[in-house]
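> Position one of the sequence shown corresponds to residue 157 (the working numbering), numbered consecutively onward.
The beta-carbon is built from N, C-alpha and C at its ideal position, and this holds for glycine as well.
Computed from a prediction, not measured in an experiment: that's the story for all the values here.
Sharing a structure here in structure tokens format.
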Amino acid sequence: MKILVINCGSSSLKYQLIDMNDESVLAKGLVERIGIEGSNLVHKPTGKEEYKEAKVMESHKDAIELVLAALVDKDHGVIASTDEIGAVGHRVLHAGTKYSDSIIVNDDVKKVVRECFDLGPLHNPANLIGIEACEAAMPGTAQVAVFDTAFGMAMPQKAYLYAIPYEYLDKYSLRRYGFHGTSHSFVSKETIKFANLDPEKCKVIVCHLGNGASISASIGGKCVDTSMGLTPLEGLIMGTRSGDIDPTVVQFIANKEGKSVDEVLNILNKKSGVLGISGVSSDFRDIDKACAEGNERAIAARDAFIYRVAKYIGAYTAAMNGVDAIAFTAGVGENNAEYRKLICEYLTFLGVEIDDEANSHRGERVLISTPNSKVKVVAIPTNEELSIARETLALVK
Ligand code: AMP
Numbered sequence: 157m158k159i160l161v162i163n164c165g166s167s168s169l170k171y172q173l174i175d176m177n178d179e180s181v182l183a184k185g186l187v188e189r190i191g192i193e194g195s196n197l198v199h200k201p202t203g204k205e206e207y208k209e210a211k212v213m214e215s216h217k218d219a220i221e222l223v224l225a226a227l228v229d230k231d232h233g234v235i236a237s238t239d240e241i242g243a244v245g246h247r248v249l250h251a252g253t254k255y256s257d258s259i260i261v262n263d264d265v266k267k268v269v270r271e272c273f274d275l276g277p278l279h280n281p282a283n284l285i286g287i288e289a290c291e292a293a294m295p296g297t298a299q300v301a302v303f304d305t306a307f308g309m310a311m312p313q314k315a316y317l318y319a320i321p322y323e324y325l326d327k328y329s330l331r332r333y334g335f336h337g338t339s340h341s342f343v344s345k346e347t348i349k350f351a352n353l354d355p356e357k358c359k360v361i362v363c364h365l366g367n368g369a370s371i372s373a374s375i376g377g378k379c380v381d382t383s384m385g386l387t388p389l390e391g392l393i394m395g396t397r398s399g400d401i402d403p404t405v406v407q408f409i410a411n412k413e414g415k416s417v418d419e420v421l422n423i424l425n426k427k428s429g430v431l432g433i434s435g436v437s438s439d440f441r442d443i444d445k446a447c448a449e450g451n452e453r454a455i456a457a458r459d460a461f462i463y464r465v466a467k468y469i470g471a472y473t474a475a476m477n478g479v480d481a482i483a484f485t486a487g488v489g490e491n492n493a494e495y496r497k498l499i500c501e502y503l504t505f506l507g508v509e510i511d512d513e514a515n516s517h518r519g520e521r522v523l524i525s526t527p528n529s530k531v532k533v534v535a536i537p538t539n540e541e542l543s544i545a546r547e548t549l550a551l552v553k
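The structure is reproduced here in structure tokens:
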């Protein structure tokens, strides 16, 4: 079966068409600047020339129509008709407390996605438009919602509660959810296989270190804690997000700078993290370059980022009373050997020992700990699209 994976961001749409017989990617692409001047499609069919098209796209509905046209085009297409698409898997940001697993879309599912607009104001509306546009373009084809919050729903109450009046949980479902769920789920499962761990009992920590960064602890593949909260702002220091912060900082900046709460939250989401500390960039490659040139604020940003990851690994080891494997994934986790090494230097108390030669590999699935290490440490490239396609196939086959 061929499965189309759709990931609608606030103004973008990423897609992949995957042949599930061998999990090969038939085509993938990206639409950017939806609803903004200069919208365009970059379509990459496997084995054929890349195709680019600039076209006004007012909404995600226009984008989906352009993507489907590209997939069936006689020159740069990869299928003869959309009838060949057996199902569509949609990445959906937030399901509140309603769903803890992926689900075939029906009217109730769409209602829940709509009810969660408050919890995911940038993504859930785009996700719903994406679902409805695919329903309209491919009537009768199963649509599956794969929620970014699903993995974190297994967290026990002690991990998801905020210590605020309980009525807010009852009234507004105000609690910790966690995000990057498809990545944490995929990488924890792959780590279990790759490191040959007991699938029922193994204790795994996954560090998803990209522009957005989060960390999860799972036992037997079930999440026991994860660092993002009600929104993806909580937890690790990220490219532009502050991660954990005393809420009073919001009030302090608002009062001193004459800003509204929304304006301060915008700063914490878009102008903080390693960008905010360094003043250099949100991209870790730029941070590294500046560090190499001796830029003190870039060094401060890098050190704070690494320290926060190590601190969370310590906390999650305590939460699980042990750890069998630590996995690094996403842009930085997969590629940046120096960061992996610096993080692991904090973990010698756990018996973590890194093999420098193995750790020099980039972007590959590799065991980077020595045979003597008490904890297996791996780098595993994440593949959120494949994870969504697998979830979709499991529901529709
Ligand atoms: P992601 O959000 O997973 O796409 O990760 C983006 C981050 O990964 C950026 O800050 C990049 O600097 C970093 N990154 C991506 N590729 C590399 C690489 N080859 N070496 C070092 N960092 C990388």
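1. Say the cut is 7 Å; is the CB of aspartate 439 nearer than that to a heavy atom of the ligand AMP?
2. Residues in its own chain within less than 7 Å of arginine 270 by CB, not counting five upstream and five downstream?
3. With C-beta atoms as the reference, is leucine 392 less than 8 Å away from arginine 464?
4. Between Tyr316, Ala550, Leu365, which has its C-alpha nearest glutamate 490's C-alpha?
5. Could you compute how far the alpha carbon of serine 329 sits from the alpha carbon of phenylalanine 303?
6. Take asparagine 367 and list the residues in its own chain whose beta-carbon comes closer than 6 Å to its own, dropping the five residues that flank it on each side.
7. When DSSP labels each residue in this structure, what does glutamate 494 get in the three-state scheme?
8. Alpha carbons only, please: which of Ser438, Ser437, Asp402 is nearest the one belonging to leucine 421?
9. How about cysteine 363 and isoleucine 482: do their beta carbons lie closer than 8 Å?
10. Mapping DSSP to helix, strand and coil, what is proline 281?
11. Whole angstroms is fine: what's the gap from arginine 247's alpha carbon to asparagine 539's?
12. With cysteine 447 as the anchor, note down where its alpha helix (DSSP H) starts and where it stops.
13. Closer than 8 Å by C-beta to leucine 353: which residues in its own chain qualify, once you throw out the five before and the five after it? Chain order, please.
14. Decide if tyrosine 324 is buried, meaning its Cβ has at least 16 other Cβ atoms within 10 Å, or exposed.
15. Over what stretch of residues does the alpha helix (DSSP H) that includes leucine 325 continue unbroken?
16. Quick one: measure Cβ to Cβ for isoleucine 462 and leucine 424, integer angstroms, because I've assumed they're closer than 8 Å.
17. In chain order, what are the residue ranges of uninterrupted beta strand (DSSP E) at least 3 long that sit wholly in the region 220–268?
18. Taking just the CA atoms, how far does proline 527 sit from alanine 486?
19. What distance in whole Å lies between the Cβ atoms of glutamate 206 and histidine 199, which are believed to be in contact at a cut-off of 8 Å?
20. Across which residues does DSSP place glycine 286 in a beta bridge pair?
21. For histidine 336, does the three-state DSSP call read helix, strand or coil?
22. How would you call asparagine 163, buried or exposed, if buried means at least 16 neighbouring beta carbons within 10 angstroms?
In terms of the structure at hand:
1. Against the sequence shown, residue 439 aligns to sequence position 283. Indeed, a heavy atom of the ligand AMP lies less than 7 Å from the Cβ.
2. Taking the first residue of the sequence shown as position 1, residue 270 is located at position 114. These residues qualify, in order along the chain: Leu284.
3. Position 236 of the sequence shown, counting from 1, holds the residue named residue 392. Position 308 of the sequence shown, counting from 1, holds the residue named residue 464. Yes.
4. Working through the sequence shown from its first residue, we reach residue 490 at position 334. If we check each option's Cα against that of glutamate 490, Leu365 comes out closest.
5. Position 173 of the sequence shown, counting from 1, holds the residue named residue 329. Position 147 of the sequence shown, counting from 1, holds the residue named residue 303. Our two residues, serine 329 and phenylalanine 303, have alpha carbons roughly 16 Å apart in a direct line.
6. What you label residue 367 is simply residue 211 of the sequence shown in a count that begins at 1. Result list for asparagine 367: Gly395, in chain order.
7. Translated into the one-based positions of the sequence shown, residue 494 becomes position 338. In the displayed model, glutamate 494 falls within a helix according to three-state DSSP.
8. Against the sequence shown, residue 421 aligns to sequence position 265. The candidate whose alpha carbon is nearest that of leucine 421 is Asp402.
9. Counted from its first residue, the sequence shown places residue 363 at position 207. Counted from its first residue, the sequence shown places residue 482 at position 326. By the CB criterion at 8 Å, cysteine 363 and isoleucine 482 fall inside the cutoff.
10. As a position in the sequence shown, residue 281 is number 125, starting the count at 1. Under the three-state reduction of DSSP, proline 281 is assigned to helix.
11. On the sequence shown, position 91 is the one that residue 247 refers to. On the sequence shown, position 383 is the one that residue 539 refers to. Each residue's alpha carbon lies about 13 Å from the other.
12. For the purposes of this step, residue 447 is taken as the residue at position 291 of the sequence shown. Segment 440–448, the alpha helix (DSSP H) holding cysteine 447.
13. Locating residue 353 in the sequence shown gives position 197, counting from the first residue. In the same chain as leucine 353, and ignoring 5 residues on each side of it, the C-beta atoms closer than 8 Å to its own belong to Thr347, Val360, Asp480, Ala481, Lys532, in chain order.
14. For this step, residue 324 is matched to residue 168 along the sequence shown. So tyrosine 324 ends up on the exposed side.
15. For the purposes of this step, residue 325 is identified with residue 169 of the sequence shown, where counting begins at 1. 323–328 is the span of the alpha helix (DSSP H), which, as asked, contains leucine 325.
16. What you label residue 462 is simply residue 306 of the sequence shown in a count that begins at 1. What you label residue 424 is simply residue 268 of the sequence shown in a count that begins at 1. Between isoleucine 462 and leucine 424, the beta carbon gap of about 20 Å keeps them out of contact (Cβ cut-off 8 Å).
17. Inside the region 220–268, DSSP marks whole beta strand (DSSP E) runs of 3 or more residues at positions 241–248, from first to last along the chain.
18. Along the sequence shown, read from residue 1 onward, the residue named residue 486 stands at position 330. Along the sequence shown, read from residue 1 onward, the residue named residue 527 stands at position 371. Linking alanine 486 to proline 527 through their CA atoms gives a straight-line distance of about 25 Å.
19. By 1-based counting over the sequence shown, the position of residue 199 is 43. By 1-based counting over the sequence shown, the position of residue 206 is 50. In this structure histidine 199 is in contact with glutamate 206, their Cβ atoms being roughly 7 Å apart against a cut-off of 8 Å.
20. For the purposes of this step, residue 286 is taken as the residue at position 130 of the sequence shown. Bridge pairing for glycine 286: absent [DSSP].
21. The residue given as residue 336 occupies position 180 in the sequence shown. The DSSP-derived three-state label of histidine 336 is coil.
22. As a first step, residue 163 is located in the sequence shown; it is residue number 7 there, counting from the start. By the 10 Å Cβ count, asparagine 163 comes out buried.
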